[in-house]
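Number of protein chains: 2
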Amino acid sequence: MREVFQQSLHEVQERLVRIAELVEEAIENATTAFGNSDVAVAEQVIDAADEIETLAAELDQLTIDILARQQPVASDLRLMVGALRMSASLERMADLAQHIAQLARYRYPESAIPKGLKKTFVRMGALDVEMASKIVEVLRTQDPKVIAEVRDLDDDLDELHAKVFEKVLSDKLSANPTGVVDATLASRYHERFGDHAVGVAKQMQFFLSGSLD
Amino acid sequence: MREVFQQSLHEVQERLVRIAELVEEAIENATTAFGNSDVAVAEQVIDAADEIETLAAELDQLTIDILARQQPVASDLRLMVGALRMSASLERMADLAQHIAQLARYRYPESAIPKGLKKTFVRMGALDVEMASKIVEVLRTQDPKVIAEVRDLDDDLDELHAKVFEKVLSDKLSANPTGVVDATLASRYHERFGDHAVGVAKQMQFFLSGSLD
Chain A
792 MREVFQQSLH
802 EVQERLVRIA
812 ELVEEAIENA
822 TTAFGNSDVA
832 VAEQVIDAAD
842 EIETLAAELD
852 QLTIDILARQ
862 QPVASDLRLM
872 VGALRMSASL
882 ERMADLAQHI
892 AQLARYRYPE
902 SAIPKGLKKT
912 FVRMGALDVE
922 MASKIVEVLR
932 TQDPKVIAEV
942 RDLDDDLDEL
952 HAKVFEKVLS
962 DKLSANPTGV
972 VDATLASRYH
982 ERFGDHAVGV
992 AKQMQFFLSG
1002 SLD
Chain B
792 MREVFQQSLH
802 EVQERLVRIA
812 ELVEEAIENA
822 TTAFGNSDVA
832 VAEQVIDAAD
842 EIETLAAELD
852 QLTIDILARQ
862 QPVASDLRLM
872 VGALRMSASL
882 ERMADLAQHI
892 AQLARYRYPE
902 SAIPKGLKKT
912 FVRMGALDVE
922 MASKIVEVLR
932 TQDPKVIAEV
942 RDLDDDLDEL
952 HAKVFEKVLS
962 DKLSANPTGV
972 VDATLASRYH
982 ERFGDHAVGV
992 AKQMQFFLSG
1002 SLD
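Residue numbers (the numbering used here), protein chains in the order written: chain A, 792 to 1004; chain B, 792 to 1004.
See below:
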């Protein structure tokens, strides 16, 4: 019985890693689609978000079954509670990657990135990809060191988010309302992606230490 | 033992209702602050979001304790899982109310609502308040009819969200980049508030019927 239980916990962890890997791929592709106005890659992100939604729902069902049948306690229970929350965050990260990709598709063949903000968005995209990759790492290794790294990356992202608003409100851009809307939304999507990555990292901390702080 | 357990479930439900009531009050105040550039009311919303965060964390802890000690199954387990998810959604709704209130504060003494969009945002705010009120109702009464009502209100909200973008990109507004940014963000916050209300309604459906659809 204990062996079956250990196998279930392992299964939950593996599925979380798998979903996080797909999220990492989705944000990488979203960044490419957004930066290069690549509609074919944008479509891939949109399909991936659907797949991730299905996998997250299946993981939730597995978690609820384990809660009902095996009634875990202590850190095992925290992993189950954490899995329910992390699956919601990972699903949301995939949605945000999809939103970023969709901006590229809406504006095609024009670029969704207003002039003067290209470098900033390349950097924001790279930070999101790096955070997603750290999430895969922390889910796989359970190394608490990675949790702090995710938080540090999010601070960098927040700084860039503030910078986008400064630029958007500067004279050069203000003649282009579509650019202002796109930059505002894209920056917000990138920033929220980072927030959810921090959310996943916090859940891993909760699982490992029993505390969210 | 069964009596203690029933009391715990009742306690979870009551706390959810209480948090939802505070969220309803927060979005009402946020709508007032945003519409009337009322900085004092905006401050109240910001304080309320902190209180809701604390209450949600306490509810999560209670839910995890119940899962560990009383090992619920079937619909009782679904209420616990649902409570964990609903508390996250309600907390997020309070954050969004706070973001709306903050827009009013940033622009004070100017209005954060660009000319030509006042009526649309009054309507969006009213829809958010109505959805929050329905969430209180469904948590209190567990009446499945209310779940469908929440979804219908969200459809209206999505239409208004699309309308804001049309207006923002029209000639009249485009000379005002701050207005474009504010309207883009405010519309997105209102829309996301509605999405989370639908999320809570879906969790109630899951609790009542065992299915999310």
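Note that the Cβ used here is the ideal one computed from N, Cα and C, for glycine as well. All figures in this text were calculated on a predicted structure; none of them were measured in a lab.
In the DSSP annotation of this structure, the continuous segment of the alpha helix (DSSP H) that includes Ser880 of chain B starts and ends at Ala865 to Arg898. When C-beta distances to chain B are compared with 8 Å, every residue of the region 892 to 926 of chain A stays at or above that value. Chain B places no beta carbon closer than 9 Å to that of Phe984 of chain A, leaving this residue out of the contacts. When DSSP states are grouped into helix, strand and coil, Pro905 of chain B belongs to the coil group.
Pairing Leu918 of chain B with Leu944 of chain B gives a Cβ-Cβ distance under 9 Å. The region 900 to 911 of chain A and the region 861 to 874 of chain A do not touch, with fewer than 3 CB-CB distances between them shorter than 8 Å.
As for any alpha helix (DSSP H) of minimum length 4 sitting wholly inside the region 921 to 965 of chain B, the runs are 935 to 959 and 962 to 965, ordered along the chain.
Bounds of the alpha helix (DSSP H) holding Asp838 of chain A are Val830 to Gln861. By the Cβ-count criterion, Val971 of chain B is buried, with 16 or more other Cβ atoms from all chains shown falling within 10 Å of its own Cβ.
Ser1002 of chain A: not part of any alpha helix (DSSP H); DSSP gives it neither H nor E. Only residues of its own chain outside the window of five on either side were considered, and among them Ala811, Ala988 and Val991 have a CB closer than 6 Å to the CB of Ile926 of chain B, listed in chain order.
Minimum Cα-Cα distance from Glu982 of chain B among the listed residues B:Val929, B:Met922, B:Phe998 and B:Glu957 corresponds to B:Met922. If you draw a straight line from the Cα of Val955 of chain B to the Cα of Leu850 of chain B, it is about 37 Å long. If you draw a straight line from the Cα of Ala840 of chain B to the Cα of Val929 of chain B, it comes to about 22 Å. Residue state for Asn820 of chain A is assigned as helix, using DSSP reduced to three classes.
Residues of the region 831 to 864 of chain B with a C-beta atom less than 9 Å from some C-beta of chain A are Ala848, Asp851, Thr854, Ile855, Leu858, Ala859, Arg860, Gln862, Pro863 and Val864, listed in chain order. Apart from the 5 residues on each side of it in sequence, Val803 of chain A sits with its Cβ closer than 8 Å to the Cβ of Leu850, Leu853, Thr854, Ile857, Leu870, Met871 and Ala874 in its chain, given in chain order. Note that the C-beta distance between Gly985 of chain B and Leu948 of chain B is below 9 Å.
Taking C-beta separations shorter than 7 Å and ignoring five residues to either side along the sequence, the partners of Glu882 of chain A in its chain run Ile843, Glu844 and Ala847, following chain order. Taking a C-beta distance under 9 Å as the contact criterion, Phe912 of chain A and Ser828 of chain A do not qualify as a contact pair. With respect to the 9 Å criterion, Phe998 of chain B and Ser866 of chain B are classified as neighbours on the basis of their beta carbons.
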